[in-house]
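Step one of this worksheet: look at the structure below.
Numbering (our numbering), first residue to last: 4 to 144.
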């Protein structure tokens, strides 16, 4: 076992050549490999063309560029009521409306009356405005 080991070590030293004869201190020098180092980008310092906004406006006017004035939008006032128009009435029982009970039947008829009233009011609005859409209505206000 010792003979094959010595033969392999001698072959290794022949393959490495003079590199195997150098000391450890020489082979462990600090080297910067350009392929492995991270390339960093430092942007150039920005120097503005114009020192102030007035100078920029003057030069653009001389060049014939029209800069539109800023529009000040009117403030919007939205008012709301603190009360609730149609309060949610949860169904009786275990989150189920029983159409057999008197209260459940009353709830269903009340809900049906509200939907019919809203449909009638929408029809009346559409008599005056044929392009009326419920989804677009909140945006018109």
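Each residue gets a CB set at the ideal place from its N, CA and C atoms; glycine is no exception. The structure presented is a predicted model; accordingly, all values stated were derived computationally and were not measured.
query: CB residue 70 to CB residue 77, shorter than 9 Å?
result: What you label residue 70 is simply residue 67 of the chain shown in a count that begins at 1. What you label residue 77 is simply residue 74 of the chain shown in a count that begins at 1. Going by C-beta atoms, residue 70 is not nearer than 9 Å to residue 77.
message: Are the CB atoms of residue 52 and residue 44 within a distance shorter than 9 Å?
response: Position 41 of the chain shown, counted from the first residue, corresponds to residue 44. Position 49 of the chain shown, counted from the first residue, corresponds to residue 52. At least 9 Å separates the beta-carbon of residue 44 from that of residue 52.
- prompt: Hey, which unbroken runs of the alpha helix (DSSP H) at 4 residues or more fall wholly within the stretch 45-69?
  reply: Listed in chain order, the complete alpha helix (DSSP H) runs (minimum 4 residues) inside the stretch 45-69 are 56-66.
query: If we call anything under 9 Å between Cβ atoms a contact, is residue 3 one with residue 117?
result: Since the displayed the chain opens at 4 and closes at 144, residue 3 lies outside it and no answer follows.
For residue 141, the three-state DSSP class (helix, strand or coil): For the purposes of this step, residue 141 is identified with residue 138 of the chain shown, where counting begins at 1. Helix at residue 141.
- request: Go ahead and pull the three-state DSSP assignment for residue 86.
  value: Start at 1 with the first residue of the chain shown, and residue 86 comes out as number 83. Of the three classes helix, strand and coil, the one that applies to residue 86 here is coil, per DSSP.
message: Is residue 82 close to the ligand NAP? I mean its beta-carbon at under 8 Å from any heavy atom of the ligand.
response: Ligands are entirely absent from the displayed structure, and the ligand NAP is therefore not among its contents.
- prompt: Between residue 138 and residue 72, what straight-line distance do the alpha-carbon atoms span, to the nearest angstrom?
  reply: Translated into the one-based positions of the chain shown, residue 138 becomes position 135. Translated into the one-based positions of the chain shown, residue 72 becomes position 69. Spanning the two alpha carbons is a distance of roughly 35 Å.
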